Amino acid sequence: MDSSLLTTVAILNNIRLCIFYIYFFAIVFGIIGHIINILVLTQLKLFRDNRWAFYLIIESVVDILYNLVMFTSNLLQIIYTIDPQSTVLVWCRSRLILFQTCTLISSFTVCYAACDQFFSTSYRLNLRRMFTFKLARYVLLISSCIWLLHSIMFGLFFNINSSLGCVITNPVFLHYSTWFFYPVLYGPLQIAIAALSSLSAFQNVRRIVRQQVPIIRRRLDQQMTAMILVRALFYIICSLPYSIYRMIIINKPNPQTDVLQYATRQLLFAIFTCWTGLNFTISFYIFFVTSARYRSQVKYLLVKKYWRRVKHLCSSNRNQVVPNNAPSSNSSMELE
């Protein structure tokens, strides 16, 4: 084999490994961000019994699982220098099942939150009463079971091909993946529903301003609507390139015998996978950057509650008395 070709392949593989190394940091920061999301949405009284917060909590839990699987997958590729899913059938199927389940549950949770928000902020009383906390739990439970079963069935049609790696071998299921799953179910459908519902909910919340609604509830509605709308926008940005890439390559398998083309395809796959993986790491950070109220809530929880509690425990061990400067009643009412 030509030495220049070997050099090119080595460079492509090194770039791919560098992308994985960088993405490790994104995974770590993503897990930290989701933990903070869960703490804020579960510990502050303002968000208790709030269905929209419940959706975001479920999304954060699922995203943590996704990041752990991604971390394991990238670590195995770095350790063995090749992707184990191309050689180990169990990992080929289990990795795909876990990834697909987490992706579908997380994306449809954002979609459900946007739809719920649209109905809950409607000026029509019958629409506002349509969604309840009990219904939200049932919808998430049933849909999660459906996506898990779908992913298991999907994964069973993947096999190891000596020249192609981990690919779909059933022609009927390959046709289903090409014309329905990737172009409709694996992103575009959720993107369309979430975007339309969020925009409609935003219009509804603007009407709430002119209604006799308590100011705290009004501000919470506006905050949650803006957060979910921004979440839907970033979901589109992160998911669309990967969906397009999958639709292009699903019918164009890449033989491992063509070393240069295979290395190029692996590099592109790493880029698009890590890019769409950001969808599962950045929710806390986009909320933190775009919402001043959320920043105040995070600061209140981490600094004025947890950090002061730690300082109090440390000072108690030293037999010291630390004054407790409680926040004002108005700010406490809105934050808690």
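The numbering of the sequence shown is the numbering used here, which starts it at 2 and goes up by one. Every residue, glycine too, gets a C-beta built ideally from N, C-alpha and C. As the structure is a prediction and not an experimental result, all values here were calculated from the model.
(message) With H, G and I counted as helix, E and B as strand and the rest as coil, what does DSSP make of Ile83?
(response) As a first step, residue 83 is located in the sequence shown; it is residue number 82 there, counting from the start. Coil.
(message) Check this for me: beta carbons of Ile28 and Gly278, under 9 Å apart or not?
(response) Position 27 of the sequence shown holds residue 28. Position 277 of the sequence shown holds residue 278. Against a cut-off of 9 Å, the Cβ pair of Gly278 and Ile28 comes out as a contact.
(message) At the level of alpha carbons, what is the spacing between Asn205 and Arg266?
(response) In the sequence shown, residue 205 corresponds to position 204, counting from 1. In the sequence shown, residue 266 corresponds to position 265, counting from 1. Asn205 and Arg266: Cα-Cα distance of roughly 45 Å.
(request) Could you spell out where the alpha helix (DSSP H) holding Phe159 opens and where it closes? (result) Along the sequence shown, one-based indexing puts residue 159 at 158. Secondary structure note for Phe159: it is in no alpha helix (DSSP H), and the uninterrupted beta strand (DSSP E) holding it is Phe159 to Asn162.
(request) Report yes if the C-beta distance between Ile59 and Thr110 is below 9 Å; otherwise report no. (result) Along the sequence shown, read from residue 1 onward, the residue named residue 59 stands at position 58. Along the sequence shown, read from residue 1 onward, the residue named residue 110 stands at position 109. Yes.
(request) Check each candidate in Ser95, Lys46 and Val311 and name the one with the smallest Cα separation from Tyr67. (result) Locating residue 67 in the sequence shown gives position 66, counting from the first residue. Relative to the Cα of Tyr67, the nearest Cα in the group Ser95, Lys46 and Val311 belongs to Ser95.
(request) Taking Ala264 and Asn14 to be in contact with their CB atoms under 8 Å, please state how far apart those CB atoms are, rounded to whole angstroms. (result) Counted from its first residue, the sequence shown places residue 264 at position 263. Counted from its first residue, the sequence shown places residue 14 at position 13. With a beta-carbon spacing of about 6 Å, Ala264 and Asn14 fall inside the 8 Å limit used to define contacts.
(message) Assuming Gly278 is part of the alpha helix (DSSP H), what are its boundary residues?
(response) Here residue 278 is taken as the residue at index 277 of the sequence shown, counted from 1. Bounds of the alpha helix (DSSP H) holding Gly278 are Val260 to Gly278.
(message) I'd like the span of the beta strand (DSSP E) that includes Ile169, first residue to last.
(response) Taking the sequence shown and counting its residues from 1, the one referred to as residue 169 is at position 168. Unbroken beta strand (DSSP E) run through Ile169: Gly166 to Ile169.
(message) Mapping the DSSP letters down to three states, classify Ala327 as helix, strand or coil.
(response) The count along the sequence shown starts at 1 and reaches residue 327 at position 326. Because the pLDDT of Ala327 is 49, which lies under 50, any placement of that residue in the model is unreliable, and the number read from its coordinates should be weighed accordingly. Residue state for Ala327 is assigned as coil, using DSSP reduced to three classes.
(message) Using the three-state DSSP reduction, which class does Ser240 fall into: helix, strand or coil?
(response) By one-based count along the sequence shown, residue 240 stands at place 239. Helix, per DSSP.
(message) Among Tyr243, Leu175, Arg247 and Thr291, whose alpha-carbon lies nearest the alpha-carbon of Leu230?
(response) Here residue 230 corresponds to residue number 229 of the sequence shown, with the count starting at 1. Closest option to Leu230, Cα to Cα, is Thr291.
(message) Tell me the DSSP secondary structure of Tyr124 in three-state form.
(response) Here residue 124 corresponds to residue number 123 of the sequence shown, with the count starting at 1. In this structure, Tyr124 counts as coil in the three-state DSSP scheme.
(request) Could you check what DSSP says for Thr133 in three-state terms: helix, strand or coil? (result) In the sequence shown, residue 133 corresponds to position 132, counting from 1. In the structure shown, the three-state DSSP call for Thr133 is coil.
(request) Please report how far the alpha carbon of Leu6 lies from the alpha carbon of Ser284, in whole angstroms. (result) Here residue 6 is taken as the residue at index 5 of the sequence shown, counted from 1. Here residue 284 is taken as the residue at index 283 of the sequence shown, counted from 1. CA-to-CA, the gap between Leu6 and Ser284 works out to about 41 Å.
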